[in-house]
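Take full-length UniProt numbering: the final residue in the sequence shown is number 138, and no numbers are missing along the way.
Just so it is clear, CB atoms sit at the ideal spot from N, CA and C, and this is done for glycine as well.
Source: prediction; values computed, not measured.
Take a look at the structure set out below.
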Amino acid sequence: MREFCVLVFLGLNSWMDIKRREISLVLATMLAATGMIWTVYRGTVSIERLLPIMTGVSFLGISVITRGAMGMGDGWILLALGTVLMPEEFFSMLFAAMLISAAWAGILLWLFRKKGNTEIPFVPFLMLGYLGKLFLWR
1 MREFCVLVFL GLNSWMDIKR REISLVLATM LAATGMIWTV YRGTVSIERL LPIMTGVSFL
61 GISVITRGAM GMGDGWILLA LGTVLMPEEF FSMLFAAMLI SAAWAGILLW LFRKKGNTEI
121 PFVPFLMLGY LGKLFLWR
């Protein structure tokens with residue numbers, strides 16, 4: 001059930017990120033609240049569970065420092081996912097998403113002759129990273 005909720009969350013936000021260059025803060029807040037409640041309910045509260053959450057906070061900080069060069073929505077998405085996913089799931093998804101997005105950026109630069117300042121939405125790559133975690137790296 002958790003995997004389905006995360007996929008729906010990432011799917012909806014991926015579509016919004018591609019079409020409108022924004023994410024749903026309502027969905028992010030709902031997922032974050034549900035993740036925190038579920039973590040407390042299951043009794044899996046620990047210091048290591050803070051690592052993914054702090055990574056989301058770090059991405060928010062980077063967005064502020066760079067004055068939006070990296071979208072703040074990415075930080076909110078990562079923060080929400082950090083409350084739901086275990087650290088190893090979260091970081092494998094994030095690492096895969098970064099690798100896939102870097103490969104896509106290279107393709108855009110090399111094949112499509114895009115400029116280095118071309119914006120690409122990151123949430124779809126998070127979804128691909130999560131799908132990879134679900135189906136390839138179990």
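For R21, which of L131, M70, F112 and V64 has the nearest alpha-carbon? Along the sequence shown, one-based indexing puts residue 21 at 21. Closest by alpha carbon: M70.
Unbroken alpha helix (DSSP H) run spanning E2, endpoints: Within the sequence shown, residue 2 is the residue found at index 2, counting from 1. The amino acid at residue 2 is misidentified as Glu; the sequence shows Arg. Its alpha helix (DSSP H) spans residues R2 to R20.
For the segment 75 to 95 against the segment 50 to 58, are there 3 or more C-beta pairs whose distance is under 8 Å? Per the Cβ contact rule, the segment 75 to 95 is in contact with the segment 50 to 58 (3 or more Cβ pairs under 8 Å).
Whole angstroms are fine: how far does the CA of V8 sit from the CA of A28? In the sequence shown, the residue the question calls residue 28 occupies position 28. In the sequence shown, the residue the question calls residue 8 occupies position 8. Answer to the nearest angstrom: the Cα atoms are 12 Å apart.
Throw me the rounded Cβ distance for the A10 and S24 pair, which I believe falls under 8 Å. For this step, residue 10 is matched to residue 10 along the sequence shown. For this step, residue 24 is matched to residue 24 along the sequence shown. Residue identity check: residue 10 is Leu in the sequence provided, not Ala. Contact flag wrong, Cβ pair sits at about 11 Å.
Assuming M72 and L60 make a contact with CB atoms under 8 Å, what is their CB distance in whole Å? If you number the sequence shown from 1, residue 72 lands on position 72. If you number the sequence shown from 1, residue 60 lands on position 60. Contact holds; Cβ gap of about 6 Å.
Per-residue DSSP class, three states only, for R42: The count along the sequence shown starts at 1 and reaches residue 42 at position 42. Helix, per DSSP.
Taking C-alpha atoms, which residue in I62, I65 and I77 lies nearest to G35? Reading the sequence shown from its first residue, position 35 is the one you call residue 35. Comparing Cα-Cα distances from G35 to each of I62, I65 and I77, the minimum goes to I77.
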